[in-house]
Structure formats: structure tokens, C-alpha cells
Amino acid sequence: MAHTKAGGTTKNSRDSAGRRLGIKATDGQLIHAGTIICRQRGTKIFPGQNVGMGRDHTLFALIDGIVKFEDRRNRKFACVYAEKEIKGKAKTSVKEEPKKVTEPKKVAAPKKSATPKKETSSTTPKVAKPKATTTTKKVVAKPKNDK
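In this note's numbering, the protein residues as written are 31 to 177.
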């Protein structure tokens, strides 16, 4: 006897086409506004500066510029920077000189005063100062004027 029930033929056995997901613009590539940077399911890569996100999590450029992929806060971000910004950053980084390492300043020894300090005898006990007493005002209830 057969232990499984006979099944009918399936109608969904055909292979489906690929969805064409993935990175469409590489790091450092010059792109125009509206160009798709990445097609993805879910937010594997988050939108960064000058990048928008579609309802299917597709990332696209909002301005003309260069694509940069950055890692921040344990996440990957896709950013687009204008060419002027990139060139400006490169120029300033070239001009910067490495900071000179300075040695820590030596601390001068404390100056000794000309007059010697008076030594207090350890045999005299310290007496606590009496606490200042505060005076309190007496509040007198005023009688109410009844008409």
C-alpha cells in the first residue's frame, strides 16, 4: 500500500527570472542626478549624503557627483559628493603638515619659603568649634475681621 497520497501536477515549476539586484555604481564613479546606485531588498546599504531611497529600498543620486561608500556606526552608507567638494578636500589634505610631537613640560619643584613653617604639636587635641545658633521668629496668627 502507498503511504502518501497521490499528488497532482504542479503548475508553478517554471524558473523565475533574476531580479537584477546589486550595486549599479561603484565607489569613485562619476554619476548624474537620478542615477541608481544600488538595487536591494531591505536596507543592506543606507542612504547617506545626497542620496535618496525609493520605496523598494533602491538608492539613487540626488545630485551630480562622485559615489563614495562609507562605514559609519556599524552601517554601510552610500554618499554622493559634488566634484568641487572632493577637489577642495584633496587640496586641504595635501597642505596639512603633520603635527609636531611636543615633549611634556617639566613641572618645576615647589619653591621653598624663606620663613620656616611653625610645627604644631601632635599632643594637643583639636577642639570642635561650637555651631552657630540660629534664631527663629515666632509666627502669631492674626484674628480675622468678621462683619
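The beta carbon of each residue, even a glycine, is placed where N, CA and C say it ideally should be.
Can you name, in chain order, every residue of its own chain whose Cβ lies under 6 Å from the Cβ of residue i, other than the five neighbours on each side?
i   : result
I75 : C68, K106, A108
Skipping 5 residues on each side, what residues in its chain have a beta carbon closer than 8 Å to that of residue i?
i   : result
G52 : C68, R69, Q70
R85 : none
Indicate whether residue i and residue j have their beta-carbon atoms separated by less than 9 Å.
i   : j    : result
N80 : I66  : no
A91 : A47  : no
G72 : V110 : no
G82 : I61  : no
Candidates the options: which alpha carbon is nearest residue i's?
i   : options              : result
Q59 : T40, K174, F99       : F99
R49 : T88, K174, A36, I116 : T88
Contact check, residue i vs residue j under 8 Å by CB: the rounded distance?
i   : j   : result
V97 : T39 : Contact flag wrong, Cβ pair sits at about 49 Å.
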